[in-house]
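Novice: Take 1 as the starting number for the sequence shown in full-length UniProt numbering and just add one per residue.
Glycine is no exception: its CB is placed at the ideal position from the N, C-alpha and C atoms.
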Amino acid sequence: MEALQISQALFASNPSKDSKLSKTHQRRRADLCFFSSSLWDRRFEHGFSGARSVKRWARQQSGFSGPNEEKKNDGKAVLAKEREVPFVGYRLESQDGKEEIESFSLDTISDEELETKNVGVGEEKAKAKVTYNIVVVTAEASPYSKTGGLGDVCGSLPITLAERRHRVMVVSPRYLTGNPSEKIRNAVDTQCSAKVSCFGGTQEVTFYHEYRAGVDWVFVDHPSYQRSGNPYGDSVGAYGDNQFRFTLLCHAACEAPLVLPLGGVTYGEKCLFLANDWHAGLVPVLLAAKYRPHGVYKDARSIVVIHNLAHQGVEAAATYQNLGLPSEWYGALEWVFPTWSRTHALDTGEAVNILKSAIVTADRILTVSQGYSWEITTSDGGYGLHDLLSSRKNVLNGITNGIDVAEWNPASDKHIPFHYSIEDLSGKVKCKETLQKELGLPIRPDVPIIGFIGRLDYQKGIDIIQAATPEIMQHDVQFIMLGSGDPQMEDWMRATESSYRDKFRGWVGFNVPISHRITAGCDILLMPSRFEPCGLNQLYAMRYGTIPVVHCTGGLRDTVVNFNPYAEGGKGEGTGWTFSPLTKESMLSALRLAIGTYREHKSSWEGLMKRGMERDYSWEHAAAQYEQIFEWVFVDPSYVR
């Protein structure tokens with residue numbers, strides 16, 4: 001398609017009778033009329049055609065509301081049906097001088113005519129060289145649902161990809177706990193459904209939709225998602241039907257691009273699926289086994305994104321018949337437990353492993369850090385899948401997660417009492433004093449505060465912290481911990497606080513504002529994780545000028561540069577301390593170095609703080625790397641058996 005220039009061509013119409021609406025239009029008129037060729041090309045590439053699609057898209061881009069759009073919708077899919085709202089006219093001029101004109105009346109404006117001229121839309125974010133129809137399949141996406149890093153990633157990355165001109169759909173369950181959550185109240189019923197053959201019958205799912213931040217957020221509705229607890233379980237434990245619930249999600253996600261006319265047009269068959277963790281692991285298998293043999297999704301590609309290999313979706317072999325897959329594809333999911341892990345001598349260890357099937361059939365494999373992409377190919381980090389992953393090394397990559405740099409910004413954070421920046425760090429000292437006062441610790445600006453934020457479980461190395469705490473308390477430090485998990489560790493935190501009233505505080509539970517205040521007020525963040533696919537707390541800490549002391553593993557290894565005071569002509573380099581092996585002695589050694597540097601080398605400490613704060617942790621940086629993987633995945637043919 002030739003590059004198009006879009007010129008302003010606002011056609012005369014009757015004056016608005018509503019003066020308030022006229023003022024609204026005046027505020028929005030430029031947004032509606034001035035569109036660059038790059039913006040038009042983006043939606044043209046996505047398949048938007050004709051006046052109706054242009055009308056809908058422009059309202060979404062500009063934020064303009066017609067006279068009827070202020071009313072609540074009637075529960076039907078507002079983007080999937082025509083609404084007669086007057087609209088601005090366009091003159092589309094090709095470079096050879098030929099013109100195509102699409103014009104519409106707009107009776108909510110004054111009857112003046114504005115002269116035609118070419119204009120831009122102001123400064124734009126970086127634009128991808130090639131754009132794709134991307135379908136992100138996930139069990140959770142913030143702010144709608146979140147239990148950890150998976151929700152953060154799937155709530156932030158899609159928005160950044162959309163800003164870079166991709167068309168992005170996120171498909172996740174519509175979780176309800178009795179009544180519609182405030183977080184999903186804006187999602188409307190699309191009046192579209194899909195019938196899924198699995199688990200010995202036909203299940204019907206319906207789709208809800210919200211268009212927000214340039215992304216199509218699609219929620220799969222089914223009674224199995226309507227229960228108390230979190231996405232995976234409740235206080236009793238994991239739900240017994242999770243295989244069923246996420247099998248439905250995968251089938252529905254494969255149907256959504258074909259049946260949902262979002263913005264007036266479906267995503268179609270040439271999609272790029274990002275299947276996140278085992279919950280979405282059946283998507284690559286379904287594409288290969290159910291759709292491509294019938295000529296559907298031949299040009300689609302799939303990438304499995306591994307956030308945590310420890311969770312693989314393993315169930316009894318007999319459950320394979322419930323998944324809605326042809327019998328000849330059993331080998332893709334077949335899994336045999338090693339002898340030592342079987343329950344009894346007659347146990348054959350046969351099972352199905354959903355994440356394994358995704359690794360076998362996906363066109364590419366991604367992890368959430370480069371270090372983790374290597375670790376999962378080793379016997380220590382591969383959880384039984386290391387040989388399979390090693391065999392697919394040529395399509396295995398790691399990309400470090402980004403963070404929400406608007407939410408996590410010490411210059412504007414709404415949760416911290418004082419703001420600060422790399423140019424003026426005085427606010428951090430005040431945050432520290434306020435944190436000490438809030439938690440009832442002695443207010444001592446000179447004492448280093450060590451912080452820990454995370455789950456109280458074995459993976460996070462809480463047992464190492466427990467063993468080392470008596471020796472840590474021998475130093476002139478204060479130690480603040482925030483987290484929940486193992487009840488015994490929660491009790492230990494409470495007991496330790498009683499033993500060290502002037503030096504230790506343990507906050508059992510999780511609280512977003514206090515996590516921000518601990519990150520801002522502490523001097524050192526301790527992360528002795530046994531494994532950490534990416535890790536976010538160390539990124540938050542460095543952005544806030546808090547120095548991480550971390551076990552050298554996974555994403556922690558990738559993101560924390562070990563301090564070297566002699567580099568750069570004595571100016572030093574690095575952003576924290578890493579230690580290995582994971583032992584109490586090794587961790588204490590790194591902490592002593594950090595405490596000593598804080599007390600005796602203030603200029604070096606300030607250099608550590610500023611180097612951490614000036615690094616780019618944004619999703620924009622990560623999204624550019626994702627786009628390179630997108631380009632590669634379409635170079636090779638899609639997976640066929």
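Helix, strand or coil: which one does DSSP assign to E182?
Specialist: Helix, per DSSP.
Novice: Taking the CB atoms as reference points, tell me whether T361 and P417 lie closer together than 8 Å.
Specialist: No; because the gap between Cβ atoms is not below 8 Å, this pair is not in contact.
Novice: Looking at C-alpha atoms only, which residue of D616, K571, L582 and M527 is the closest neighbour of W605?
Specialist: K571
Novice: First and last residue of the alpha helix (DSSP H) that includes W329?
Specialist: Element bounds for W329: n/a, residue is neither H nor E.
Novice: For a quick check, are the C-beta atoms of V170 and C154 less than 8 Å apart?
Specialist: Contact flag set, yes.
Novice: For D558, which residues from the same chain have a beta carbon less than 7 Å from its beta carbon, with the 5 sequence-adjacent residues on both sides left out?
Specialist: Cβ within range, chain order: S369, Q370, G371 and T400.
Novice: If you pair each beta-carbon of the segment 274 to 290 with each one of the segment 325 to 341, do three or more pairs fall below 8 Å?
Specialist: yes
Novice: Using a Cβ-Cβ cut-off of 8 Å (strictly less than) and excluding sequence neighbours within five positions of T147, which residues of its own chain qualify?
Specialist: E140, N230, P231 and Y232
Novice: At which residue ranges does the segment 213 to 250 contain complete beta strand (DSSP E) runs of 3 or more residues, listed in the order of the chain?
Specialist: DSSP runs (the beta strand (DSSP E)) wholly in the segment 213 to 250: 215 to 221.
Novice: Hey, A252 and V205 are a contact pair by Cβ (cut 8 Å); roughly how many whole angstroms apart?
Specialist: Rounded, the Cβ-Cβ distance is 5 Å, consistent with contact.
Novice: Between which two residues does the beta strand (DSSP E) harbouring S193 extend?
Specialist: V188 to C198
Novice: Look at the Cβ atom of D463, then the Cβ atom of G485, and state whether they are nearer than 8 Å.
Specialist: no
Novice: Starting from the C-beta of W577, find all residues in its chain whose C-beta is less than 7 Å away, skip the five residues before and the five after it, and write them out in chain order.
Specialist: V549, N562, F563, A590, L593 and A594
Novice: Going straight from the alpha carbon of W374 to that of L389, what length do you get?
Specialist: Each residue's alpha carbon lies about 10 Å from the other.
Novice: Starting from W408, follow the beta strand (DSSP E) in both directions and report where the run begins and ends.
Specialist: Note, W408: premise wrong, no beta strand (DSSP E); not H, not E.
Novice: For Q488, count the other beta carbons within 10 Å of its own beta carbon; 16 or more makes it buried, fewer makes it exposed. Which is it?
Specialist: exposed
Novice: Taking DSSP as the reference, what is the three-state secondary structure of E573?
Specialist: strand
Novice: Name the DSSP bridge partner or partners of S142?
Specialist: Looking at the DSSP output, S142 bridges to nothing.
Novice: Would the beta-carbon of L260 fall within 8 Å of that of L385?
Specialist: no
Novice: With a CB to CB cut of under 6 Å and the five nearest residues on each side skipped, what residues in its chain are close to N537?
Specialist: I453
Novice: Using 8 Å as the threshold, is the segment 152 to 167 in touch with the segment 206 to 214, meaning 3 or more CB pairs across them?
Specialist: yes
Novice: Sort out for me which residues DSSP pairs P581 with in a bridge.
Specialist: Its beta-bridge partners do not exist; DSSP assigns none.
Novice: Would you mind reading off the limits of the alpha helix (DSSP H) that contains P284?
Specialist: P284 -> alpha helix (DSSP H) spans L282 to L286.
Novice: Using the Cα positions of Y420 and K503, report the straight-line distance between them to the nearest angstrom.
Specialist: Spanning the two alpha carbons is a distance of roughly 26 Å.
Novice: Assuming Q478 is part of the beta strand (DSSP E), what are its boundary residues?
Specialist: Q478 to G483
Novice: In this structure, how does DSSP classify F34 when only helix, strand and coil are distinguished?
Specialist: A caution first: F34 carries a pLDDT of 33, below 50, which makes its placement in the model too unreliable to give a value.
Novice: Between the beta-carbon of D234 and the beta-carbon of S228, is there less than 8 Å?
Specialist: yes
Novice: With DSSP as the reference, please indicate the residues paired to P173 in a beta bridge.
Specialist: Within the DSSP secondary-structure output, P173 pairs in a beta bridge with V220.
Novice: Determine the extent of the beta strand (DSSP E) in which W632 is found, giving its start and end residues.
Specialist: Here W632 belongs to no beta strand (DSSP E); instead the alpha helix (DSSP H) covers W619 to V633.
Novice: Of the residues V512, Q474, Q226 and Q466, which one's Cα is nearest the Cα of E490?
Specialist: Q466
Novice: Is it buried or exposed for W340, if we count other Cβ within 10 angstroms and need 16 for buried?
Specialist: Under the 10 Å beta carbon count, W340 is surrounded by fewer than 16 other beta carbons and is classified as exposed.
Novice: Taking Cβ positions, are D299 and E269 nearer each other than 8 Å?
Specialist: yes
Novice: Work out the CA separation of C192 and G381 for me, nearest whole Å.
Specialist: 42 Å
Novice: Name the DSSP bridge partner or partners of V304?
Specialist: A275 and I365
Novice: Among the candidates A520, A541, F244 and R517, whose CA atom is the shortest distance from the CA of M527?
Specialist: Closest in C-alpha terms to M527, from the list A520, A541, F244 and R517, comes A541.
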